[in-house]
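In this note's numbering, the protein residues as written are 30 to 257. Read the structure below first, then the notes.
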Amino acid sequence: MKLARIYPFVVAVGIMFALSACRGIVSNPSPHATQATDYAQAVHWLSIPVVSHDVDVFYLYPTAWQKVNASDPNICDIDNPSMLAGSAAAFARSATAFEPFANVYAPYYRQADAAYALSLPLPEHDALIAGIPTMDAVAAFDYYIEHFNAGRPFILAGHSQGSNVLINLLTGYLADHPEVYQRMVAAYVIGYPVTAELLAEHPHLKFAEGPDDTGVIISYNTQAPDVA
């Protein structure tokens, strides 16, 4: 399918997704924190669709888990029951907006406790999210590209902590794999700021300016200054 056929639903679904989605330095690290989750195991995927469309969506859910006790790890395990339930609910609220038009892939990824992450100074917060959550997301995306994508155009979509991780995917993996990046239709980075400083530091990233743009970030920068 030509990219031009994707543009109308990119804009329309972006509005639907945004509306439905609105709702390093680690003490107490998660066990098994030294290696990425094995995405060859289907149990580590929230959604592996039957391919029925010519474009994919790779979706990262928002924060779906929080610590119950202060002594709990600040990063949850990949099979944490609360995260599994919360991520499924988030998928149903938002990612399903893409299903009439795209094959929606969604990995489970280990998450940081939001209250802990937001209590950190910004450099420590960034290091935390760049650690286990991003390590899992990169491993999942790499597996998706190698085993599921089959050369199709794709859209990235995230919300909140998922968007924070998407930024790391955009500035890291996709910067290092331009042959993959050129197939990206757009990245919906919702609920986490995309700053002018970030774009200046990573000039391969561009903000959308019109409905025919591809390879661009779509975001609204409407979050409160001190809330992720």
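Note that CB positions come from ideal geometry on N, CA and C, so glycine has one too. The structure displayed is predicted, hence computed values, not measured ones.
- With contacts defined by Cβ atoms closer than 8 Å, Leu-234 and Leu-198 do not form a contacting pair.
- Val-218: member of the beta strand (DSSP E) spanning 213 to 219, first to last residue.
- Beta-bridge pairing by DSSP links Trp-74 to Pro-136.
- Under the three-state reduction of DSSP, Ile-247 is assigned to strand.
- In chain order, Tyr-210 place their CB closer than 6 Å to the CB of Leu-203, counting only its own chain and leaving out the 5 sequence neighbours on each side.
- Burial is judged here by how many other beta carbons sit within 10 angstroms of a residue's own beta carbon; Asp-67 has fewer than 16 and is exposed.
- For a cut-off of 8 Å, the C-beta gap from Val-167 to Gly-201 is around 7 Å, short enough to register as a contact.
- The three-state secondary structure of Gly-115, taken from DSSP, is helix.
- Residue environment analysis places Gln-140 among the buried positions, since at least 16 neighbouring C-beta atoms fall within 10 angstroms of its C-beta.
- Pro-78 sits away from Tyr-137, with the two beta carbons spaced by 8 Å or more.
- Leu-151 and Ala-159 have their C-alpha atoms some 12 Å from each other.
- Within the same chain, Cβ atoms closer than 7 Å to the Cβ of Trp-94 are found at Cys-105, Asn-109, Ser-111, Met-112, Gly-115, Gln-140, the five residues on either side in sequence being excluded.
- DSSP places Gly-191 in the uninterrupted alpha helix (DSSP H) bounded by 190 to 200.
- Assigned with DSSP and collapsed to three states, Tyr-88 falls in strand.
- Closest by C-alpha distance to Ile-107, out of Ala-99, His-82, Met-164, is Met-164.
- Assigned with DSSP and collapsed to three states, Phe-130 falls in coil, not helix or strand.
- For Pro-102, the closest alpha carbon among the candidates His-73, Tyr-145, Phe-130 is that of Tyr-145.
- Where Ala-124 is concerned, there is no enclosing alpha helix (DSSP H), because DSSP gives it neither an H nor an E.
- Per DSSP, reduced to three states, the secondary structure at Ala-186 is strand.
- In the DSSP annotation of this structure, the continuous segment of the alpha helix (DSSP H) that includes Val-167 starts and ends at 161 to 173.
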